[in-house]
Amino acid sequence: MRSSSSRRGTSHRRTPHTPRRTAAVALAGVAALIAAAVQGGTATAAPTTAPSAASKAKPGSESVRLTPAQRAALIREADAAKAETAKDLGLGAKEKLVVRDVLKDRDGTVHTRYERTYDGLPVLGGDLVVESTKADATAAVVKAARAAIKPATTKTAVSAAKARQQALKAGEADDAKDAGINRAPRKVIWAANGKPVVAYETVVGGFQHDGTPQELHVVTDATTGEKLFEWEAIETGTGNTVYSGTVDLTTTQSGSTYNLTDGARGNHKTYNLNRGTSGTGTLFSGPDDVWGNGTPSNLESAGADAHYGAALTWDYYKNVHGRSGIKGDGVGAYSRVHYGNNYVNAFWSDSCFCMTYGDGSGNANPLTSIDVAAHEMTHGLTSNTAGLNYSGESGGLNEATSDIFGSTVEFYANNSSDVGDYLIGEEININGDGTPLRYMDKPSKDGASKDSWYSGIGSIDVHYSSGPANHFFYLLSEGSGTKTINGVTYNSSTSDGLPVTGIGRDKAEKIWFRALTTKFTSTTNYAGARTGTLAATGELYGTDSAEYKAVQHAWAGINVGARPGDGGGGGGTSFENTADVAIPDRGAAVTSSVTVSGRTGNAPSNLQVAVDIVHTYIGDLKVDLVAPDGTAYTLKGYGTGGSADNLNTTYTVNASSEVANGVWKLRVQDNAAVDTGYINSWKLTFP
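According to the working numbering, the sequence shown is numbered sequentially starting from 1405.
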């Protein structure tokens, strides 16, 4: 409908598309008691439908929808009080806080996210979230770095030129092209893993091997010259275009010309790069209010899909989670379509605050579908909330967050031409054979993603290490076993062979969003994600709720943490020791025991050993399960697990040659100096 009452107006433009069949697949990845026995249910298959838990969210626990002005006022208040907050947190005299984001719950609780500086230098990995209540200004805090920010020195022994050279070398690896320094080395404190040290952060530009822009951050120790870390800030993803049928678009009229500017959603604009790889491109405009014809050959069609996907994602975050725009400030990002030639990807970039989409192989399948658009826009949300580093386990969680909300936005859209599913990029035929990019019910179906967590998962590509988190979300939403939703059949299994009962997607998405925005930090790993989602669930539904137990079951279903042993997800019989046992630094092995009784015969071939060890460097640890006859089963070898903090996972042991009854021990030894910790708890579960 045209607006003739004023020179500039808002128009809801009808966009014709050729309806496509709904694919039944999704996109594939481019690129405390000591020795207390708890009786549980038997390991039977999950029901075909996953009943939603009956609990309702606590009235005051959900976040309120803040207007940009209300959010700005809260940020000003937090900024005015940041010195006092730093003092309350016990930060050192050289540490300062910088307010980055804020959310408020209906009961008045405020969650404020901060960056940190030390002696005027940015602290990478120093971010934290403070929860304040009417009774306590710092009721709780979540920190990315557990170590105190006390570097030995802030003086450099290595030149910036050497850091620059090292960064360029990293930027030229993996067949990257035209690598050059985008941002000269800046002096920082690196605190994202290990002991905080003075370092240089250098940003390298150019193009990655597939034509994606490069924005590689390289961190160099400024005292030794060692490369400490690197991550790619251009966050890639997938989606499809020309698949949403005829939809309404909000556009703007100026005189007799219409353009793809959405005045109702922060002035989001959609531009045509026309196969270019730089700049903003040209704003889509024309003499009428009809965009595209549903075919990839018409350049307006992909523009319409990107514009539609951005509007849906904006509405989803505003209406479901109460967030107005990516930053919560009511300002829209912008979209660029037709990037490059035969470019089979899409990406988010902080530097332009924009989403960018290629046209796929042969420029025939633009990556502008609903779930892809939501995936890319969600990368922006993650960057402006948790800031999950796009590398290691945090990178997998970053990528999974975009898949999770890509899927939920697609369900929210309720578009008959592209129905909601737990498949990612199912419309764009990115593999050329009709298969999707990723499958959330069983991620390994794409041939590369992982279904469950394991200690080395942080070393693989983030698009594949995202698999366990995607799988967790599916299990939490729908449960394990076979079921059909919107015409798509799923069959989700678990790492321990025990069933999981879902609580429904509506609750699962609220839990993940709350964890992302109030519990996760830049360095959150899988164990931390479990902790964060449980904290979020406890706030929303209570720690004694069915939802809380379901979250525990779903994480255990992907090998992160233990089953709660209540029988609600299969349970089994459990024997647990929750007494703390200190682990000497580079000392003798220590043990924690449980006594198993009341069993007959031998232990099973799938004995579950849930381990919760708090430690600042798990690579130092060797962990064994010792059977009653003294036979040792290695759960984790020394030197494995990398530099991650804490070991919170469940191992499956074939103990069928062991008599079940007797004293079982968890044996832990720290084999290297400096880092310390303790056994927090451990549990044996007999399915």
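Note that CB positions come from ideal geometry on N, CA and C, so glycine has one too.
**Prompt:** Can you give the beta carbon distance from Arg1520 to Ile1553, rounded, assuming they're within the 8 Å contact cut?
**Reply:** 7 Å
**Item:** Same chain, Cβ closer than 6 Å to Glu1797, five either side skipped, listed in chain order
**Value:** Gly1862, Asn1929, Tyr1930
**Request:** Classify Trp1594 as helix, strand or coil using the three-state DSSP reduction.
**Result:** strand
**Prompt:** What do you reckon, are the CB atoms on Ala2031 and Gly2066 nearer than 9 Å?
**Reply:** yes
**Asked** Between which two residues does the beta strand (DSSP E) carrying Lys2026 extend?
**Response** Unbroken beta strand (DSSP E) run through Lys2026: 2025 to 2030.
**Message:** Which residues does DSSP list as the beta-bridge partners of Trp2086?
**Reply:** As a beta-bridge residue in DSSP terms, Trp2086 pairs with Asn1981, Val2015.
**Asked** Under a Cβ-count criterion, where at least 16 other Cβ atoms within 10 Å of its own Cβ denotes burial, should Thr2035 be classed as buried or exposed?
**Response** With fewer than 16 other Cβ atoms within 10 Å, it is exposed.
**Prompt:** What residue from Glu1831, Thr2053, Val1592 has the CA that sits closest to Ser1859's CA?
**Reply:** Thr2053
**Request:** State the DSSP-derived secondary structure class of Trp1718, mapped to helix, strand or coil.
**Result:** DSSP places Trp1718 in helix when its eight states are reduced to three.
**Asked** Between which two residues does the alpha helix (DSSP H) carrying Thr1805 extend?
**Response** 1796 to 1817
**Message:** Would Ser1811 and Asp1822 be called neighbours here (beta carbons separated by less than 9 Å)?
**Reply:** In this structure, Asp1822 does not lie closer than 9 Å to Ser1811 by Cβ.
**Message:** What does DSSP give as the partner residue(s) for Trp1635 in the beta ladder?
**Reply:** His1621
**Request:** Quick one: residues in its chain with C-beta nearer than 6 Å to the C-beta of Ser1739, no 5 flanking neighbours on either side, listed in chain order?
**Result:** Thr1674, Ala1710, Ala1714, Met1759
**Request:** Tell me where the beta strand (DSSP E) around Pro1526 begins and ends.
**Result:** 1525 to 1528
**Nonlocal neighbours in the same chain, by C-beta distance under 7 Å from Ser2085, ignoring five residues either side** = Same-chain partners within the cutoff: Glu1980, Asn1981, Thr1982, Asp2016.
**Message:** Starting from Asp1775, trace the alpha helix (DSSP H) in both directions and tell me its first and last residue.
**Reply:** 1774 to 1787
**Message:** Looking at the secondary structure, which residues open and close the beta strand (DSSP E) in which Arg1520 lies?
**Reply:** 1514 to 1522
**Prompt:** Assuming Trp1752 contacts His1783 under a Cβ cut-off of 8 Å, what Cβ separation, rounded to an integer in Å, is found between them?
**Reply:** The pair is a contact, with the Cβ atoms about 4 Å apart (cut-off 8 Å).
**Request:** Within the same chain, show all residues whose beta-carbon is closer than 6 Å to that of Asn1597, passing over the 5 residues directly before and after it, in chain order.
**Result:** Closer than 6 Å at Cβ, skipping near neighbours: Ser2047.
**C-alpha gap between Ala2014 and Ala1567, whole angstroms** = 43 Å
**Prompt:** What residue from Arg1727, Asn1835, Asp1984, Asn1833 has the CA that sits closest to Leu1470's CA?
**Reply:** Leu1470 has its Cα closest to that of Arg1727, out of Arg1727, Asn1835, Asp1984, Asn1833.
**Prompt:** According to DSSP, is Asp2074 helix, strand or coil?
**Reply:** strand
**Message:** For a test of the three-state rule: what should DSSP assign to Thr1537, helix, strand or coil?
**Reply:** coil
**Request:** Drop a sphere of 10 angstroms on the beta-carbon of Asn1833, count the other beta-carbons inside from all chains shown, and report buried for 16 or more, exposed for fewer.
**Result:** buried
**Beta-carbon spacing of Thr1987, Gln2073 below 9 Å** = In the sequence under discussion, the amino acid at residue 1987 is Ile, which differs from the Thr named in the question. Against a cut-off of 9 Å, the Cβ pair of Gln2073 and Ile1987 comes out as a contact.
**Asked** Residue range of the alpha helix (DSSP H) that Ala1950 falls in?
**Response** Element bounds for Ala1950: 1950 to 1960.
**Request:** Pull up the CB-CB distance for Asp1807 and Met1844, whole angstroms please, since I reckon it's below 8 Å.
**Result:** 7 Å
**Request:** For His1672, count neighbouring Cβ atoms within 10 angstroms of its own Cβ and tell me buried if that reaches 16, exposed if not.
**Result:** buried
**Prompt:** Whose C-beta lies closer than 7 Å to the C-beta of Ala2077 among residues of the same chain, with five residues either side of it excluded?
**Reply:** Around Ala2077: Asp1989, Arg1990.
**Request:** Report yes if the CB atom of Glu1943 is closer than 9 Å to the CB atom of Ser1465, and no otherwise.
**Result:** yes
**Asked** Is Lys1914 closer than 9 Å to Ala1939 when the C-beta atoms are compared?
**Response** In this structure, Lys1914 does not lie closer than 9 Å to Ala1939 by Cβ.
**Prompt:** Around the C-beta of Pro1968, are 16 or more other C-beta atoms found within 10 angstroms, so that it is buried, or is it exposed?
**Reply:** buried
**Prompt:** Would the region 1728 to 1736 and the region 1784 to 1804 be scored as touching if the rule is three or more Cβ pairs under 8 Å?
**Reply:** yes
**Prompt:** According to DSSP, is Val1866 helix, strand or coil?
**Reply:** helix
**Asked** Which value, in whole angstroms, describes the spacing of the CA atoms of Gly1530 and Ser2060?
**Response** Looking at the two C-alpha atoms, the distance is approximately 47 Å.
**Prompt:** Which residues in the same chain as Asn1769 place their Cβ atom closer than 6 Å to its Cβ, once the five residues preceding and following it in sequence are excluded?
**Reply:** Ile1832, Asn1833
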